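Novice:
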Amino acid sequence: MAVTVKIPTPLRKFTGDKDSVQVEGATVGAALHALEVKAPGIAAKIVDDDGKVRRFINIYAGEDDIRFLDGLATAITDGAEISIIPAIAGGC
Amino acid sequence: MRDPKRLFARYGRQLLVDGADFDGQARLHGWTAVLAGDTSEWAQAATEACGRYLVGAGVGAIVAPSSFAAALQALDPQLHVLPGLDTVSPPVAHYWFASRPYGASVDVAVTDASAGYAAGQSGPARVTTLRFACGEPASPEVAVVVGAAAADLLLADVLKLEPLPAHVVIDWTDPTEPTMTRTPRSTDPPAEASQFAPRPGLLAEMRGTPTAWAPIEAEAVRGYPTETCGLLVREPGGQLKTIVCPNLQDRYHALDPNEFPRTSRTAYKLNERVIAKSADAGEALVAIWHSHCDAGAYFSAEDVRCAAPAGQPLYPGVAYLVVSVLGGQLRGAALYHFDPATGGFAAEHPSD
């Protein structure tokens, strides 16, 4: 099923400056895999060597951070939007 | 606020100094001194001496290394003592102090046993280097004198008796005739602060825009003692607007305490989706803001790590505003921009 992946500014060098990419996938992980095929090198910026979403990256399936869903196994529906957004965090 | 009569009784000698008066004493009480030194005996002695002089003069709050924080607290039970860096190296000290405006504050660092080094700051991006030279390796006894000299320079600035110099050299090569040479600060703030590449104007605009500043101040005080956060955006009409966001840090901490070890007491995280919603409304992201509770308005190591984890900013061109809430009261604010030249974050100069 077709989903739209929103790409943040720092990662657009992998997508030819495109701010979104259409891919196929039934889960967030599958969509990222498809994204890597279209934009080689981007996946390593999003997930670490253990396949875990990097600390300073958030992946939202619709409105929800996938950390609170099923992670990369989170199922997505046709026409869904996946947003890759750098974290806004910090502390004293 | 302390009882004015007690202030007078304990710290009255500043009131006797020509030009200091009650306003000067009140300014001292409202300032935060920041102290740090490297691990050498010399640096520790100089830093502690500087701290003792500042506390004795009646400074209201002090950020001190753990090695002598208790000693300073013992000098004045009402002093607001905050944890600071236990050790710094000169380059780190320079960056550290350059990035800690504290609104109205005094910062002092003394490092390097051989050359002698101190940095003082009374306001954003005003770093003073204090270099010390003597014929023999500097002893802890001499370091006390240097620490006291640094304190005197800073007190004179706080009391508005004499502006903080840009550079100070103490030459003690002849033990019978030490000299102190002061180089006045340039009157051109941008040139003075060029090392840290501040970008002008935004902080002043922010503080002068009620729709931007009032919500930040209110939320930071309301949320104390937990950190608060949000965005600053520019509306299509050009007006600055603050978006207050819930701090989700506790939710992430509960989900994964290993990856998110901090709670909202010392960290913040917001729902980044708010950016997309703001952009859909035609708003441009200008800055990301958060509060520090019982800590200064500095850009912490954690802030740097989260804002530019690989040395490159996650949000290029976006500034970071940090506000300091001490004891439930807003005590300072500072705005930081990523500086490509240094790979770090630099504080915006207040007069820019």
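Note that the protein sequences, when read in sequence, are chains X and C.
Position 49, counted from 1, in the first sequence is what the working numbering calls 49; the numbers after and before it change by one each time, with no gaps.
Position 206, counted from 1, in the second sequence is what the working numbering calls 1206; the numbers after and before it change by one each time, with no gaps.
From the three backbone atoms N, C-alpha and C, an ideal C-beta is built for every residue, glycine too.
Remember, it's a predicted structure, so these values are computed and weren't measured experimentally.
For Ala80(X) and chain C, any beta-carbon pair shorter than 8 Å?
Specialist: No, Ala80(X) lies away from the interface with chain C (no Cβ there is under 8 Å from its Cβ).
Novice: Within 8 Å of any Cβ in chain C, is that where the Cβ of Ile88(X) sits?
Specialist: yes
Novice: Can you tell me the Cα-Cα spacing of Glu24(X) and Ala39(X), whole angstroms?
Specialist: Each residue's alpha carbon lies about 14 Å from the other.
Novice: What span of residues does the alpha helix (DSSP H) with Glu81(X) cover, start to end?
Specialist: Premise fails: Glu81(X) lies in the beta strand (DSSP E), 81-86, not in any alpha helix (DSSP H).
Novice: Taking Phe68(X) as the query, report the chain C residues whose CB atoms sit under 7 Å from its CB, ordered along the chain.
Specialist: Leu1255
Novice: Distance check for Trp1213(C) and Arg55(X), CA to CA, integer angstroms please.
Specialist: 31 Å
Novice: In this structure, does DSSP put Asp65(X) in helix, strand or coil?
Specialist: strand
Novice: Using CA atoms only, rank isn't needed, just tell me which of Arg1182(C), Ser1324(C), Thr1226(C), Lys1241(C) is closest to Glu1205(C).
Specialist: Lys1241(C)
Novice: Quick one, which residues of the segment 45-65 of chain X are near chain C if we go by CB-CB under 7 Å, in chain order?
Specialist: Arg55, Phe56, Asn58, Tyr60, Glu63
Novice: Rounded to whole angstroms, how far is the Cβ of Asn1271(C) from the Cβ of Leu1248(C), which I believe are closer than 8 Å?
Specialist: That pair is a contact at about 6 Å.
Novice: Return the bridge partner residues of Ser1291(C) from the DSSP annotation.
Specialist: Val1323(C)
Novice: Considering only residues of the same chain and omitting the five flanking positions on each side of Ile7(X), which have a CB-CB separation below 7 Å?
Specialist: Thr15, Lys18, Asp19, Ser20, Val21, Ile84
Novice: What does Thr1242(C) touch in chain X if you count any residue whose Cβ is under 8 Å from its own?
Specialist: Here the premise fails: no neighbours, minimum Cβ distance about 15 Å.
Novice: Looking at C-beta atoms only, is the number of pairs between the segment 28-47 of chain X and the segment 1212-1226 of chain C that lie closer than 8 Å three or more?
Specialist: no
Novice: Measuring only between beta-carbons, confirm whether Ser20(X) sits less than 8 Å from chain C.
Specialist: no
Novice: Does the pairing of the segment 1044-1053 of chain C with the segment 1168-1185 of chain C give three or more beta-carbon distances under 8 Å?
Specialist: no
Novice: Report the rounded CA-to-CA distance for Glu1259(C) versus Ile57(X), giving the unit in angstroms.
Specialist: 12 Å
Novice: Contact criterion: CB-CB distance below 8 Å. Does Ile7(X) meet it with respect to chain C?
Specialist: no
Novice: What residue does the beta strand (DSSP E) around Cys1245(C) start on, and which one ends it?
Specialist: 1240-1245
Novice: Tell me Tyr60(X)'s beta-bridge partners as DSSP assigns them.
Specialist: According to DSSP, Tyr60(X) bridges with Asp65(X), Ser83(X).
Novice: Does the beta carbon of Pro10(X) come closer than 8 Å to any beta carbon on chain C?
Specialist: It does: the Cβ of Pro10(X) has a partner Cβ on chain C nearer than 8 Å.
Novice: Looking only at its chain, what residues have a beta carbon closer than 8 Å to the beta carbon of Phe1345(C), apart from the 5 residues adjacent to it on each side?
Specialist: Ser1099, Phe1299, Asp1303, Val1304, Ala1307, Ala1308, Tyr1320, Tyr1336, His1337, Phe1338, Asp1339
Novice: Would Gly1024(C) pass as a contact of Gln1014(C) if the rule is Cβ separation under 8 Å?
Specialist: Against a cut-off of 8 Å, the Cβ pair of Gln1014(C) and Gly1024(C) comes out as a contact.
Novice: What is the DSSP secondary structure of Asp48(X), reduced to helix, strand or coil?
Specialist: Asp48(X) falls in the coil class under three-state DSSP.
Novice: According to DSSP, what are the bridge partners of Tyr1268(C)?
Specialist: According to DSSP, which records beta bridges pairwise, Tyr1268(C) is partnered with Gly90(X).
Novice: Just the C-alpha distance for Ala1334(C) and Thr1263(C), rounded to the nearest angstrom, thanks.
Specialist: 23 Å
Novice: Check the Cβ of Ala1267(C) against every Cβ in chain X and list those closer than 9 Å, keeping chain order.
Specialist: Ala89, Gly90, Gly91, Cys92
Novice: Cα separation between Val1092(C) and Ala1064(C)?
Specialist: Any reading at Val1092(C) is ruled out, since the residue's pLDDT is 43, under 50, leaving its predicted position unreliable.
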